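Notes follow the structure.
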């Protein structure tokens with residue numbers, strides 16, 4: 002059985018962007034990992050939980066659109 006493909010982010014999703022995302026997810030109580038700028042399993046779990054709460058399509062994507070959304074909506 003093939004594992005689902007995880008899109009860890011577009012080239013525009015920088016380490017700083019991922020750190021901002023992790024800080025935001027931590028503030029919202031969705032992330033308890035390190036603020037390290039690496040989109041690991043805990044980061045992706047938090048992203049999926051946030052998207053579900055916001056009634057967004059739930060996927061393993063960290064595209065720049067999502068990063069920008071977090072930056073301006075939270």
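In my numbering, the protein residues as written are 2 to 75.
Cβ coordinates follow ideal geometry from the N, Cα and C atoms, glycine included.
Predicted, not measured: the structure shown is a model, and the values here were computed from it.
When secondary structure is reduced to three states using DSSP, residue 36 falls in the coil class, being assigned neither helix nor strand. In this structure residue 18 is buried. Its beta-carbon is surrounded by 16 or more other beta-carbon atoms within 10 angstroms.
Straight-line measurement puts the Cα of residue 15 at about 24 Å from the Cα of residue 53. Exclusion of the five residues before and after residue 26 leaves 32 and 47 as the residues of its chain whose Cβ lies within less than 6 Å of its Cβ.
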